[in-house]
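Protein chains in written order, with my numbering: chain P, 236 to 392; chain U, 236 to 392. Where a beta carbon is used, it is the ideal one built from N, C-alpha and C, also for glycine. Below is one structure; the comments refer to it alone.
Number of protein chains: 2
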Amino acid sequence: MITIINMTKTIKSCSCGPDCGCSSGKRCSSRRGAVLRALSEGGPHLSAEEVHRFAGKIRPGIGIATVYRSLKCLCGCGKARELKPADGPAVYEAAGPGPRHDHLVCVSCGAIVEISDPAMGRLQARLAARHGFSPSGYRLDIYGNCSRCAKKDRSKI
Amino acid sequence: MITIINMTKTIKSCSCGPDCGCSSGKRCSSRRGAVLRALSEGGPHLSAEEVHRFAGKIRPGIGIATVYRSLKCLCGCGKARELKPADGPAVYEAAGPGPRHDHLVCVSCGAIVEISDPAMGRLQARLAARHGFSPSGYRLDIYGNCSRCAKKDRSKI
DNA sequence: GTCATATTGATAATGGTTATCATTATCATA
DNA sequence: TATGATAATGATAACCATTATCAATATGAC
Ligand SMILES: [Mn+2]
Ligand SMILES: [Mn+2]
Ligand SMILES: [Zn+2]
Ligand SMILES: [Zn+2]
């Protein structure tokens, strides 16, 4: 099987603001750019609905279907990440090239705390290698009670 | 706030086979027992639909709504665990008191490999403690290419 | 056995996500 | 710059996993 690669294609500066993934064979789109901006400016974890609301301020009239399409595209490009909470709709966050992070999720109040530890990345690589996997990423969610809810529980007994 | 606990209640041997969680204030139910058996005998990771099919062989006529209810109950009791794949419906697995495990998920063929490493538990506890969390559990999914798919990819270039 | 109530099955409803399709925007090429 | 191929879009219908409803049944304390 032979794959033809158009070598004349040049990565151009992107009209959608930050590179929205259009550098990887996709056309540049102001909507996708708005979705990406919504992710990085609208808050740490947004549902598709919330992204839609926020992106609508940047690019009025954007449709909810386009938001879903853009989120899927951005996740594929590694520019966003999708989280699936135990209940409720999926939430999304911007995923830059910087250090990734994990989540402490309070099962009592729903609070999400972002944490970052290099040891986790090393352990993940070791576990994958042990089974012949080429790891591309991982997700760690730690569930429990945040300090505030744990305190509340103790006072209830 | 005062909580009345019925101290006359005795934990009795359960008619639903393995203890289905009825020891914790719930009535004993043959359907919940069938769901639990389906989880431990039907395969490592089953969707609600698959649980329904398998449990139907044990307890014919069981309804899909009851399967969902039972799964939720069993997850609450710590006797089952729910996984949310990137796509497709939630899948469930039996969760005994034994050592827990994590998952290597091949993004190419969908294969899931179960892994277990005590270092993971220690790291998770340390991360939680650092932020004042009382951890009750965690989920680690490592994504990547399994050895077979990685080999296939290399031959394609 | 009696009674209060937890559980169940059938099914309608819900709600997040995806598919469809006609229209529009993007971009390589002329 | 104009043209044409086709990717992207918005409106909305369809999908489908999951939940809510409710009358009937099963459970267990007494
Ligand atoms: Mn985050
Ligand atoms: Mn498993
Ligand atoms: Zn772009
Ligand atoms: Zn039981």
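(message) Does residue 353 of chain U come out as helix, strand or coil in the three-state DSSP assignment?
(response) What you label residue 353 of chain U is simply residue 118 of the second sequence in a count that begins at 1. Helix at residue 353 of chain U.
(message) Using CA atoms only, rank isn't needed, just tell me which of U:295, U:289 and U:377 is closest to residue 367 of chain P.
(response) On the first sequence, residue 367 of chain P is found 132 positions in, with the first residue counted as 1. Ranking the options by Cα distance to residue 367 of chain P, first place goes to U:377.
(request) Report yes if the C-beta of residue 349 of chain U is less than 7 Å from at least one heavy atom of ligand 2; otherwise report no. (result) If you number the second sequence from 1, residue 349 of chain U lands on position 114. For ligand 2, at least one heavy atom lies less than 7 Å from the Cβ of residue 349 of chain U.
(message) Among the candidates P:308, P:327 and P:303, whose CA atom is the shortest distance from the CA of residue 254 of chain P?
(response) The residue given as residue 254 of chain P occupies position 19 in the first sequence. For the residues P:308, P:327 and P:303, the minimum Cα distance to residue 254 of chain P belongs to P:308.
(message) Helix, strand or coil, according to DSSP, for residue 280 of chain P in the structure here?
(response) Counting from one through the first sequence, the residue named residue 280 of chain P turns up at place 45. DSSP places residue 280 of chain P in coil when its eight states are reduced to three.
(message) Give me the DSSP bridge partner(s) of residue 293 of chain U.
(response) By one-based count along the second sequence, residue 293 of chain U stands at place 58. None; residue 293 of chain U has no bridge partner.
(message) Is residue 317 of chain P near ligand 2 - that is, is its Cβ less than 7 Å away from at least one heavy atom of it?
(response) What you label residue 317 of chain P is simply residue 82 of the first sequence in a count that begins at 1. No, since every heavy atom of ligand 2 falls outside the 7 Å radius drawn around the Cβ of residue 317 of chain P.
(request) Express the C-alpha separation of residue 383 of chain P and residue 383 of chain U in angstroms, rounding to a whole number. (result) Locating residue 383 of chain U in the second sequence gives position 148, counting from the first residue. Locating residue 383 of chain P in the first sequence gives position 148, counting from the first residue. One C-alpha to the other measures close to 47 Å.
(request) Reducing DSSP to helix, strand and coil, say where residue 340 of chain P ends up. (result) Within the first sequence, residue 340 of chain P is the residue found at index 105, counting from 1. It is a strand residue.
(request) Kindly list, in the order they appear in chain U, the residues whose Cβ is closer than 8 Å to that of residue 292 of chain P. (result) Here residue 292 of chain P refers to the residue found at position 57 when the first sequence is read from its first residue. Result: empty, since nearest Cβ-Cβ is about 29 Å, beyond 8 Å.
(request) Please name the residue, chosen from U:286, U:375 and U:362, that lies closest to residue 275 of chain U on a Cα-to-Cα basis. (result) By 1-based counting over the second sequence, the position of residue 275 of chain U is 40. It is U:286.
(request) Could you check which residue in P:381, P:283 and P:284 has the C-alpha nearest to that of residue 345 of chain P? (result) The sequence position of residue 345 of chain P within the first sequence is 110, counting from 1. The shortest C-alpha separation from residue 345 of chain P is found at P:381.
(request) Take the Cβ of residue 261 of chain P as the centre, count every other Cβ of all protein chains shown within 10 Å, and call the residue buried at 16 or more, exposed below. (result) Position 26 of the first sequence, counted from the start, is the residue given in the question as residue 261 of chain P. It is exposed - the Cβ of residue 261 of chain P has fewer than 16 other Cβ atoms within 10 Å.
(message) Per DSSP, what are the beta-bridge partners of residue 315 of chain P in this structure?
(response) If you number the first sequence from 1, residue 315 of chain P lands on position 80. Residue 315 of chain P is bridged to P:329.
(message) Against chain U, which members of the stretch 258-285 of chain P pass a CB distance test of less than 8 Å?
(response) none
(message) Between residue 381 of chain U and chain P, is the shortest Cβ-Cβ distance under 8 Å, so that the two count as touching?
(response) Position 146 of the second sequence holds residue 381 of chain U. Yes, its Cβ sits closer than 8 Å to a Cβ of chain P.
(request) For residue 371 of chain U, return the contacting residues in chain P, with the cut-off set at a CB-CB distance below 8 Å. (result) Translated into the one-based positions of the second sequence, residue 371 of chain U becomes position 136. Here the neighbours are 342, 378, 379 and 380.
(request) With 8 Å as the threshold, decide whether the Cβ of residue 374 of chain P is near any Cβ in chain U. (result) Position 139 of the first sequence holds residue 374 of chain P. Yes, residue 374 of chain P counts as interfacial toward chain U.
(request) Indicate whether at least one CB of chain P lies closer than 8 Å to the CB of residue 362 of chain U. (result) Residue 362 of chain U sits at position 127 when you count from the first residue of the second sequence. Yes, because at least one Cβ of chain P sits closer than 8 Å to the Cβ of residue 362 of chain U.
(request) Could you list which residues in chain P have their beta carbon closer than 9 Å to that of residue 336 of chain U, in chain order? (result) For the purposes of this step, residue 336 of chain U is taken as residue 101 along the second sequence, with counting starting at 1. Per Cβ cutoff of 9 Å: no residues; residue 336 of chain U is ~11 Å from chain P at best.
(message) With a threshold of 7 Å on Cβ separation, who are the neighbours of residue 266 of chain P within its own chain once the five nearest residues in sequence on each side are excluded?
(response) Your numbering for residue 266 of chain P matches position 31 in the first sequence. These residues qualify, in order along the chain: 294, 297, 301 and 305.
(request) Look at residue 330 of chain U and residue 313 of chain U and say whether their C-beta atoms are less than 8 Å apart. (result) Here residue 330 of chain U corresponds to residue number 95 of the second sequence, with the count starting at 1. Here residue 313 of chain U corresponds to residue number 78 of the second sequence, with the count starting at 1. The answer is yes: Cβ separation under 8 Å.
(message) Can you give me the C-alpha to C-alpha distance between residue 392 of chain U and residue 288 of chain U, rounded to a whole angstrom?
(response) For the purposes of this step, residue 392 of chain U is taken as the residue at position 157 of the second sequence. For the purposes of this step, residue 288 of chain U is taken as the residue at position 53 of the second sequence. Low per-residue confidence applies at residue 392 of chain U: pLDDT is 44, beneath 50, and the placement is therefore not dependable enough to give any value.
(message) Using beta carbons (cut-off 8 Å, strictly below), is residue 387 of chain U in contact with chain P?
(response) Working through the second sequence from its first residue, we reach residue 387 of chain U at position 152. Closer than 8 Å: no.
(request) Count the other C-beta atoms from every protein chain shown that fall within 10 angstroms of the C-beta of residue 337 of chain P, then say buried if there are 16 or more, exposed otherwise. (result) Position 102 of the first sequence, counted from the start, is the residue given in the question as residue 337 of chain P. Per the 10 Å Cβ criterion, buried.
(message) Let's test the definition: count the other Cβ atoms within 10 Å of the Cβ of residue 315 of chain P and tell me whether it reaches 16, buried, or not, exposed.
(response) In the first sequence, the residue the question calls residue 315 of chain P occupies position 80. It is buried - the Cβ of residue 315 of chain P has at least 16 other Cβ atoms within 10 Å.
(message) Less than 8 Å between CB atoms is the rule here; does residue 366 of chain P satisfy it with respect to chain U?
(response) Looking up residue 366 of chain P in the first sequence gives position 131. For residue 366 of chain P, the answer is yes, since a Cβ of chain U falls inside 8 Å of its Cβ.
(request) Could you confirm whether any beta carbon from chain U is found closer than 8 Å to the beta carbon of residue 348 of chain P? (result) Counting from one through the first sequence, the residue named residue 348 of chain P turns up at place 113. Yes - at least one Cβ of chain U is within 8 Å of the one on residue 348 of chain P.
(request) Would you mind reading off the limits of the beta strand (DSSP E) that contains residue 376 of chain U? (result) Counted from its first residue, the second sequence places residue 376 of chain U at position 141. From DSSP, the beta strand (DSSP E) with residue 376 of chain U extends over 369-380.
(request) Return yes when at least one heavy atom of ligand 2 lies under 7 Å from the C-beta of residue 328 of chain P, else no. (result) Position 93 of the first sequence holds residue 328 of chain P. Checking the Cβ of residue 328 of chain P against ligand 2 gives no.
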